[in-house]
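Going line by line, the protein sequences match chains Y and W.
Note that our numbering numbers the first sequence so that position 102 is 102, with each residue one more than the last.
Note that our numbering numbers the second sequence so that position 103 is 1103, with each residue one more than the last.
Each residue gets a CB set at the ideal place from its N, CA and C atoms; glycine is no exception.
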Amino acid sequence: MSLFEAHDLSVSFGGIKAVRDVSFTIRSGEVFSIIGPNGAGKTTIFNLVSRFYETDSGSMAFDGVDITGVPPHRIAEMGIARTFQNTELFEHETVLTNLLIAHHVHRRTNLVTDLLFLPGARRQELDFRRRVEDVIDLLDLQSYREQPIGGLAYGVRKMVEIARALCLEPKLLLLDEPSSGLNPEETEDLSFWIEDIVEDLGITVAMVEHDMNLVATVSDRVMAMADGAELATGNPTEIQNHPDVLRAYLGD
Amino acid sequence: MRFVLKTNYAQDVNLFLHNGQRFWYGLLALAVLLAPLGLDRFYLGEFAYLYIWAIAGVGLMLLVGYTGLVSLGHAAFLAIGAYAHAWLLTQGVPFVLSVPLATAFCAVIGYLVGLPALRMTGIYLAIATLAFERIAAWVIEHWESVTGGHFGMRVPDPTVFGMSLDGPVPFYYLCLGILSLSLFAALNLLRSPTGRAFIAVRDSEVSAESMGINLARTKCTAFALSAAFSGLAGTLFSHRIGYLAPDAFTVQTSIQLLLMVVVGGLGSLQGVVYGAIFLGLLPQAIAIGRDVLPQWIGEIPGLEPGIFGAILVLFLIFEPLGIHGRWVKVRLWFDQFPLYRRATYKRQRSYLRTERVR
């Protein structure tokens, strides 16, 4: 069953066609990877899905609902969470606060109940903290809980960002180069965690990744791109041996 | 050094983390409650004035320190609150209704000012709010039927249920009460989703949006709340000065408010109070300095605003986290003595942030 469908997506910036007529589907419960050389348009696709960019043509549907014209903040409410290539955390706050902010989509209180901190607001806070702890346990972040982001190592920040995305309790998780800046050991941990996320939490994962080892280990299907267009889609072995893909990476 | 063992989630949610905090804040509450017993009229008045500044500061702190939006127009909200309150009182509206009405009016104005501010940040927003301040001042000067124009208007004495609050002691308690409520409301906000949304917008708009936070609504809410607190301070301010005239609210008032939150420490409510104390003491210190120092120094034109500006610049260079930030460092030094590392608060090179989006 397909969770996400994109039809003929195109976007251009000035004269550059960043994405050209790309179509793909993400099936429920799979790990879907997008690979390609630099400038292929991988991250642009994520930004289209997040609705940070307007699509020039084409359409997207999530869970059977058309999201081509939905405002960016509604995307998270509908169940799509994402991480960023160079991490975009709330720098001045602690790990705990970062994760609590992600629970914004689950808020049941309004400005007035918050100002007065009525019993409902207190119950909600306790509930959020319980759920945050589950994610902290899953990703082994206990020792960083009270630390401000500004002082954390890059590898830890990457994990905090994934934790924050999980706190949204999404159906679809978009990971933008999750392994960039991680050492081999951390990358191996990451592959286990991605498997946990898919199998234990039942979240579908789509990722943009350069590390072919990681892609081959965790992906069910891979889409290869070059110059904004789709080259091929298939299982990791097929893609690694596909003549067009080899040509895009290695040249003729 | 104190280690707090957390055994349930409520400890994170409660206002006080441990008994040490309860003790010291309790002592502070007792001191300010009993202050009228030991202080004479003049100092009580000065304290009440300081509380009024702090109430306005809570509003500006929410906007500048927590939402990351600069405003140079907050004197206008102070003025609108003061004039709206005084006008309502002259129309026979009772004090207990007039204060919330004037505050709500300021919130509406703040929301409207927030709308065009959505697309602006930094220096552009500062200029836009400065322009708003000038417009508000112009309206106040020219809308003579309501504001009395340049002649100003007298503010009726505050009375609650037939009891006059005009004396120094009742007015002191009135200001203290409203400040306590303001701080309580701000603290509540900051431990619930609304306040965290402000912080998210301050630190990363892109990220906030991908967390499902509506940027437009959050910024407008921040402006409205900020204006409401400043307006609330304005209602008390009108009683403090007793006679409203346009020259009571100038650009310099806005700058002083901004100075208060920056010097106090951006991103902390304690900072608001430190800043207010600082702002309350500085004019006195300058006045005393004028008497002590050689005459030619005391007669320099523009000495006071000059000193205000110089202090703002020095704080920005040497202690961007303000008095509160300095206090946190001092406390940490004693906590970790003799192991304090000088580099603890050193600014680190921040990692590259996502530049591809927008």
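Please determine, among 1212/W, 1224/W, 1255/W and 1259/W, the residue with the shortest C-alpha to C-alpha distance to residue 73/Y.
1212/W
Can you have a look at residue 243/Y and say buried or exposed, based on whether 16 or more other CB atoms are within 10 angstroms of its CB?
exposed
Counting only beta-carbon atoms, is residue 1356/W nearer than 8 angstroms to chain Y?
Residue placement at residue 1356/W cannot be trusted, given a pLDDT of 45 that sits under 50; what the coordinates show is reported in the next sentence. Closer than 8 angstroms to some Cβ of chain Y, the Cβ of residue 1356/W qualifies, so yes.
Does the stretch 1235-1253 of chain W come close enough to the stretch 1142-1162 of chain W that 3 or more CB-CB pairs lie under 8 angstroms?
yes
Within 10 angstroms of the Cβ of residue 1418/W, are there 16 or more other Cβ atoms? Answer buried if so, exposed if not.
Because chain W here runs from 1001 to 1358, residue 1418/W falls outside it and cannot be looked at.
Any beta carbon of chain W sitting closer than 8 angstroms to that of residue 169/Y?
no
Starting from residue 134/Y, trace the alpha helix (DSSP H) in both directions and tell me its first and last residue.
119-138
The beta strand (DSSP E) spanning residue 1151/W covers which residue range?
From DSSP, residue 1151/W is part of no beta strand (DSSP E); its letter is neither H nor E.
Secondary structure of residue 26/Y, DSSP reduced to three states
strand
Under 8 angstroms between the Cβ atoms of residue 162/Y and residue 98/Y?
no
Between the CA atoms of residue 230/Y and residue 23/Y - distance to the nearest angstrom:
8 angstroms
Can you find a C-beta in chain Y that's less than 8 angstroms from the C-beta of residue 1341/W?
no
What does residue 186/Y reach in chain W if we use C-beta pairs closer than 8 angstroms?
Neighbours of residue 186/Y on chain W: none; closest Cβ ~16 angstroms, over 8 angstroms.
Output, in chain order, the set of chain W residues within a Cβ distance shorter than 7 angstroms of residue 230/Y.
Neighbours of residue 230/Y on chain W: none; closest Cβ ~20 angstroms, over 7 angstroms.
Test item: CB-CB of residue 1102/W and residue 1088/W under 8 angstroms
yes
List the residues of chain W that residue 129/Y touches, going by C-beta distances under 8 angstroms, in chain order.
1009, 1012 and 1013
For the stretch 30-44 of chain Y against the stretch 118-138 of chain Y, are there 3 or more C-beta pairs whose distance is under 8 angstroms?
no
Could you run through the stretch 86-101 of chain Y and flag, in chain order, every residue whose CB is less than 8 angstroms away from some CB of chain W?
86, 87, 88, 89, 90, 91, 92, 93, 96, 97, 100 and 101
What's the gap between the Cα of residue 1128/W and the Cα of residue 1120/W?
9 angstroms
Straight-line gap, residue 1376/W to residue 1265/W (C-alpha atoms, nearest Å)
Outside the shown range of chain W (1001 to 1358) lies residue 1376/W, about which nothing can therefore be said.
Classification of residue 215/Y by the beta-carbon crowding that lies within 10 angstroms, buried from 16 upward
buried
Quick one: Cα of residue 1284/W to Cα of residue 1072/W, how far?
24 angstroms
CB-CB length for residue 1105/W against residue 1231/W, believed under 8 angstroms:
7 angstroms
For residue 210/Y, which residues in chain W fall below 7 angstroms Cβ to Cβ?
Here the premise fails: no neighbours, minimum Cβ distance about 15 angstroms.
Just how far apart, CA to CA, sit residue 130/Y and residue 1009/W?
7 angstroms
Using 10 angstroms around the beta-carbon of residue 1237/W, count the other beta-carbons present and answer buried if the total reaches 16, otherwise exposed.
buried
Using a Cβ cut-off of 7 angstroms, which residues of the stretch 54-80 of chain Y contact any Cβ in chain W, in chain order?
72, 73, 76 and 77
Pull out every residue of the stretch 1190-1212 of chain W whose Cβ sits closer than 9 angstroms to any Cβ of chain Y, in chain order.
1191, 1192, 1193, 1194, 1195, 1196, 1197, 1199, 1200, 1202, 1203, 1204, 1206, 1207, 1208, 1209, 1210, 1211 and 1212
Classification of residue 1018/W by the beta-carbon crowding that lies within 10 angstroms, buried from 16 upward:
exposed
List, in chain order, every chain Y residue whose beta-carbon is nearer than 9 angstroms to that of residue 1059/W.
Per Cβ cutoff of 9 angstroms: no residues; residue 1059/W is ~13 angstroms from chain Y at best.
Start-end ranges of the alpha helix (DSSP H) lying completely within the stretch 147-192 of chain Y, minimum 4 residues:
154-167
Can you tell me whether residue 1204/W is helix, strand or coil according to DSSP?
coil
Can you find a CB in chain W that lies within less than 8 angstroms of the CB of residue 115/Y?
yes
Nearest neighbour of residue 1146/W, chosen from 1083/W, 1287/W and 1216/W [CA to CA]:
1083/W
Buried or exposed for residue 200/Y, please, with buried defined as at least 16 other CB atoms from any protein chain shown within 10 angstroms of its CB.
exposed
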